[in-house]
Every structure is written in C-alpha cells, then in structure tokens.
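Below: one structure, written as structure tokens.
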Amino acid sequence: MHTLPSIPRRGLLALAAATLALPGRAQQSGWPARPVKIVVPFAPGGTTDILARATAAALSQAFPQQFIVDNRGGAGGNIGAEQVARAAPDGYTLLMGTVGTQSINKWLYSKLPFDPQKDFTPITLVAGVPNVMVVNAEKAKARNINTVADFIRYAKANPGKLNMASSGNGTSIHLAGELFKSMTGIYMTHFPFTGSGPALMSLVSGDMDVMFDNLPSSMQLIKSGRIKALAVTSAQPSAALPGVPTIEQAANLKGFEASSWFGLLGPAGLSPDIASRIQQEVAKALGTPEMKEKLLLQGANPSGNTPAQFAAFIDAELKKWQPVVKNSGAKVD
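Residue numbering for the sequence shown follows our numbering, beginning at 793 and increasing consecutively.
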C-alpha cells in the first residue's frame, strides 16, 4: 500500500494562508450562498426596473438562490449606483446600470460620487432600447398636435408653457429632451422624477406635457391610448412601433439620436469567475425565443455580451456622450 507523503505542519499553515489570500476565494467557492440583490437606481415601473426584474427572474431559475430587485432612485441614478460602487465585491450586490449612470452622468454632474469605470466590474449588456417622444393624449388632441412638427410649432407659439418630465437629471430621457430643445430652439420646463414610473403617471394625469421615455416603459400606455407616441429618438424606426417615424425624419433634425441601454455591473474587484457565471446565464436567458420575443415586443434589443465586450462598450459610450452633453448645455451641480 502506498501512503501519501506527509506535509509538515508549517507547510500546511503556509498553504492555508496562501489560499485565504486569494481574492474572493471564500466567496467564490460557494457563491451564491444567500440571496443576491440587484440595485435598480430608479423607482419601480421604468425600463430599468422592467429589465432588472426579467433578469432577476431568469437568474433565480439558474442559481440556487433568489435574485432580488432593490429600487434606490434619486439623483439621476447616482444614489443607487454609488451604493453598489461602495458595496463589497462578493457577488451579492449588483447594479442594473444605464447609459445615464455609466456614460452620461460623468459629464453632466460637477461632482460624481463614483467613477463609472474604476468603481465597477462590467458583467453584461442586457439590452438596448430607443427612446420615444410621448405626449399626453388628451392635451395633444386639444392642441391639434399629431406630429413632431405640430409640437414644435405649438411650443414656439407658447414659450414657457410646456412641462417636460424625465426619470431624473442626467438620464438619457432627460438628455434626449435637452438635445431636442437645443436643436429646435424651443423652451420647456424640465421636471426630474425619481424614475420613469412616476414621471409617466404625471404625464398621464396631465401635469406634464411631454417625455422622451425609454420605449419599453411607455409601450403599454401608448397601446392603451393614454399617451401618444410622436417619434422615436433612435437613428432607425422601431419595429415595435410601426408607422412611428424617427425624430430626425419627423422634424428634419439631422443627426438626432439618443438611445438608451441597460446592463449588469458589480463593484470593482468582483471575481471574474462570478462575473462570467452571471453573464453566461443572462446570455442563455436572452437567447431563448420567449425572452427574445418578450423584449422585442417591448422595443428592446437583447444583448448578453461578455464582460470584456461590455467594458469596451462603456468606454466607447463615455467618449460618445461627452460632446453631446457639452453641446446640449445641460449641467447639474
């Protein structure tokens, strides 16, 4: 019989110390051992929330623990994003980041409580969506506003009388409106909310006149006729809204484009193994016919790319939005 060679006690202690020194090793081995929180940096009801809940449901099926959505709205998404940036990189606190939190806010806010690149670990891009210019249906009918051109004419004839809702300062919804204002020369009073949900309710009630919302969160209200879609903000029309033109087409605003995207991130230092496991399961879920159809019907284009691809995408988006924010004149102190 052969026996294994014995290891001196000093050698065992050294081996144990080396194992414990590996970053995240203890968390990786049994992850997830408890529920995982996905922070949504906006109020319930918006596209960020819709996509986060769909993603959480898919991950809860794939792993032996529940993935729970935690809404932390405010400051254009900065409050929720900062919470994740300051969390332990153990895989139990994730962020459903947006084009606003990861690409726009750096250029919009004079003081940002986190670095969108250094303080996060990109996991995967979940989906990209166009924004849609929506107005209160009853007000639009009373004002004979059926097109973007009608809206611009009314705004110029009634300066200062229109209220523009957004999901918060620094969001793509806000910035799309600022870009529209600067390119058309009209003035609207901006009212930031803590998310698309409450902003849309204010639009439906008639307190607000217009919003450049993410398409998925507006879709059901558009279909019900409670709000009216005038145009989409993307470079191409959306298959989810047949017959609705782009703003560039509808108002002859060459180069107008302000789309949104949403993706999962963890705090800086998150284990590559955990990030990869999450990405693979999200990609698998997004690749199913059921999920694809569900998202496409809402106007969202599913992705599921790798952590490295998502990191490169965020870098490119930061470069893209810097001149857009500067040219729009938007600034938040």
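All residues carry an ideal CB built from backbone N, CA and C; glycine is no exception. Source: prediction; values computed, not measured.
Taking C-beta to C-beta, are residue i and residue j nearer than 8 Å?
{"i": "A1122", "j": "L900", "result": "yes"}
{"i": "L1007", "j": "T939", "result": "no"}
{"i": "N923", "j": "S964", "result": "yes"}
{"i": "Q857", "j": "P827", "result": "yes"}
{"i": "T885", "j": "K829", "result": "yes"}
{"i": "S1009", "j": "I842", "result": "yes"}
{"i": "A991", "j": "A1027", "result": "no"}
{"i": "F912", "j": "A1060", "result": "yes"}
{"i": "A873", "j": "L887", "result": "yes"}
{"i": "G987", "j": "G838", "result": "yes"}
{"i": "G869", "j": "G962", "result": "yes"}
{"i": "P984", "j": "L1110", "result": "no"}
{"i": "T890", "j": "S1052", "result": "yes"}
{"i": "D1125", "j": "S902", "result": "yes"}
{"i": "G952", "j": "M1011", "result": "no"}
{"i": "N955", "j": "M1000", "result": "yes"}
{"i": "T840", "j": "V832", "result": "yes"}
{"i": "M1003", "j": "V921", "result": "no"}
{"i": "G1058", "j": "F1102", "result": "no"}
{"i": "P1085", "j": "L851", "result": "Here residue 1085 is Glu; the residue named in the question, Pro, does not match the sequence. No, they are not a contact pair."}
{"i": "A968", "j": "T1025", "result": "yes"}
{"i": "E930", "j": "G998", "result": "yes"}
{"i": "F834", "j": "A877", "result": "no"}
{"i": "V861", "j": "A846", "result": "no"}
{"i": "M1083", "j": "A1075", "result": "no"}
{"i": "F855", "j": "P836", "result": "no"}
Which residues share a DSSP beta bridge with residue i?
{"i": "H982", "result": "M956"}
{"i": "W823", "result": "According to DSSP, which records beta bridges pairwise, W823 is partnered with nothing at all."}
{"i": "P1059", "result": "F912"}
{"i": "M1003", "result": "V926, A957"}
{"i": "W1053", "result": "G920"}
{"i": "F943", "result": "F943 is not bridged to any residue."}
{"i": "I1019", "result": "N928"}
{"i": "F834", "result": "Paired residue(s): none; F834 is not in a bridge."}
{"i": "P1094", "result": "A919"}
{"i": "F859", "result": "V828"}
{"i": "T1038", "result": "V1024"}
{"i": "V1117", "result": "According to DSSP, which records beta bridges pairwise, V1117 is partnered with nothing at all."}
{"i": "V1124", "result": "Y901"}
Among the options, whose alpha-carbon lies nearest the alpha-carbon of residue i?
{"i": "L1088", "options": "A1077, G872, G1047, S1030", "result": "S1030"}
{"i": "P1041", "options": "A941, L995, T847", "result": "Checking the sequence, you will find Gln at residue 1041 rather than Pro. Of the candidates A941, L995, T847, the one whose C-alpha sits nearest the C-alpha of Q1041 is A941."}
{"i": "G989", "options": "G822, G960, A849", "result": "G960"}
{"i": "S1120", "options": "P1034, K1086, A848, G977", "result": "G977"}
{"i": "I1019", "options": "V921, K933, P836", "result": "K933"}
{"i": "V1116", "options": "V1074, G1047, A1100", "result": "G1047"}
{"i": "A947", "options": "D1005, V1074, H966, T981", "result": "T981"}
{"i": "D1005", "options": "G1035, F972, Y979", "result": "F972"}
{"i": "N928", "options": "S994, R845, F855, Y979", "result": "S994"}
{"i": "G822", "options": "S1063, A1108, Q1071", "result": "S1063"}
{"i": "R945", "options": "Y979, P1081, L1013", "result": "Y979"}
{"i": "A1050", "options": "E970, K898, N950", "result": "E970"}
{"i": "K1118", "options": "Q875, K898, N863", "result": "K898"}
{"i": "K910", "options": "D1107, N863, H966", "result": "D1107"}
{"i": "A848", "options": "Q1071, V996, A1100, H966", "result": "Q1071"}
* Does the segment 911-925 come close enough to the segment 1061-1076 to have 3 or more Cβ pairs within less than 8 Å? -> Remark: three or more beta-carbon pairs, one from each stretch, lie closer than 8 Å, so the segment 911-925 and the segment 1061-1076 are flagged as touching.
* Please list the segments of the alpha helix (DSSP H) lying wholly inside the segment 882-928, counting only runs of 4 or more residues, in order along the chain. => Entirely contained in the segment 882-928, the alpha helix (DSSP H) runs reaching 4 residues are, in chain order, 897-900.
* If you pair each beta-carbon of the segment 881-889 with each one of the segment 1096-1104, do three or more pairs fall below 8 Å? -> These segments do not touch.
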